[in-house]
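Participant: In the working numbering, the protein residues as written are 198 to 447. Ideal placement from N, C-alpha and C gives every residue a C-beta, glycine not left out. Since this is a predicted model, take the numbers as computed values, not measurements. Please read through the structure below; I'll follow up with questions.
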């Protein structure tokens, strides 16, 4: 019998989590507790609902023509999908076997590469969230250190696995010039980055914190605007370019 996974929800017409139109599956459970999380209801590993791979495939099947014609596929996010790596690996394997769908994994990278090796082999694209390069500020923001995430990023680079780097720009929290420069320098060392996404901080998930009876940690922080994003991109890309322009050491 197919082992079940813990599922939070699904979106059959996703357009921002990878190329084309995509089936986006939100897994339940997360090891981080980010202060700006818009899905805090996914944190509890025992929440959500149980579902089998066949259950998910039945939801995907009616929309497969749209995904294939648009160059889309399936994206699994969360929560943190690597917590349920064997389940997601089976799902990706079946999506490829049945329909040849493009597979994407949206992850914080807080995982052991040995635990996700099979899953990454079946993943066409990783959407990797680099939340904060400064170790102390990362710990304050997420409740976890960033060493695993950075090691996972290097591991993906060594294997040539395509990634989109994602960074949420939060005024006064993740937009310090030194932090953005550090981000650019780190990304510049990676050899597998297909895209850099700087995403504006928003407050659309605050109501979920209220529903859960949780105090919202970033209360009073303004949302990021186009000017913030343009400034941040200049800093990050300048640092990336400086690193990439350095001669390769023999």
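Where does residue 437 fall in DSSP's three states?
Facilitator: If DSSP states are grouped into helix, strand and coil, residue 437 belongs with the helices.
Participant: With a cut-off of 8 Å on the beta carbons, I'd call residue 426 and residue 367 a contact; round off their distance for me.
Facilitator: About 12 Å; that fails the 8 Å criterion.
Participant: DSSP state of residue 202, grouped into three classes?
Facilitator: Residue 202: strand per DSSP, three-state reduction.
Participant: Near residue 244, what residues of its chain come up, given a Cβ to Cβ distance below 6 Å and the 5 sequence neighbours on each side ignored?
Facilitator: Excluding sequence neighbours, residue 244 sits near 225.
Participant: Tell me whether residue 169 sits in a helix, a strand or coil according to DSSP, three-state version.
Facilitator: The question about residue 169 has no answer, for the chain in this structure spans 198 to 447.
Participant: To which residues of the same chain is residue 293 closer than 8 Å at the C-beta, ignoring the five residues directly before and after it?
Facilitator: Excluding residues within five positions, the ones whose Cβ falls inside 8 Å are 300, 319.
Participant: Consult DSSP for residue 216 and reduce its assignment to one of helix, strand or coil.
Facilitator: The answer is coil: DSSP assigns residue 216 none of H, G, I, E or B.
Participant: In the DSSP assignment, the beta strand (DSSP E) including residue 394 goes from what residue to what residue?
Facilitator: Looking at the DSSP string, the run of the beta strand (DSSP E) that includes residue 394 is 390-397.
Participant: Mapping DSSP to helix, strand and coil, what is residue 370?
Facilitator: The answer is coil: DSSP assigns residue 370 none of H, G, I, E or B.
Participant: On the premise that residue 202 lies in contact with residue 248, defined as a C-beta separation below 8 Å, what is that separation, rounded to the nearest angstrom?
Facilitator: Contact holds; Cβ gap of about 6 Å.
Participant: Using 8 Å as the threshold, is the region 281-291 in touch with the region 230-240, meaning 3 or more CB pairs across them?
Facilitator: Counting Cβ pairs under 8 Å, fewer than three are found: no touch.
Participant: According to the Cβ coordinates, are residue 361 and residue 328 closer than 7 Å?
Facilitator: Contact: no.
Participant: Three-state secondary structure (DSSP) at residue 244?
Facilitator: Correct three-state label for residue 244: coil.
Participant: Return the chain-ordered list of same chain residues with a C-beta closer than 7 Å to the C-beta of residue 345, the five sequence neighbours on each side being excluded.
Facilitator: The answer, listed in chain order, is 306, 307, 308.
Participant: Just the Cα atoms here: how many angstroms apart are residue 371 and residue 404?
Facilitator: Approximately 22 Å, taken between the alpha carbons.
Participant: My assumption, with CB atoms under 8 Å, is that residue 323 sits in contact with residue 280. Please give the rounded CB distance.
Facilitator: At roughly 15 Å, the Cβ-Cβ gap does not stay under 8 Å, so residue 323 and residue 280 are not in contact.
Participant: How would you write the range of the alpha helix (DSSP H) that residue 326 sits in, first residue to last?
Facilitator: No alpha helix (DSSP H) contains residue 326, which is instead part of the beta strand (DSSP E) from 322-326.
Participant: How about residue 316 and residue 348: do their beta carbons lie closer than 7 Å?
Facilitator: It is not a contact, given that the beta carbons lie outside the stated cut-off.
Participant: Does DSSP put residue 210 in a helix, in a strand, or in coil?
Facilitator: Residue state, collapsed to three classes: strand.
Participant: Go through its chain and collect everything with a Cβ distance to residue 267's Cβ below 7 Å, but skip five positions before and after it.
Facilitator: Answer for residue 267: 217, 218, listed in chain order.
Participant: Report all residues from its chain with a CB closer than 7 Å to the CB of residue 380; omit the five preceding and five following residues, and keep chain order.
Facilitator: These residues qualify, in order along the chain: 327, 330, 364, 433.
Participant: Work out the CA separation of residue 277 and residue 271 for me, nearest whole Å.
Facilitator: About 16 Å.
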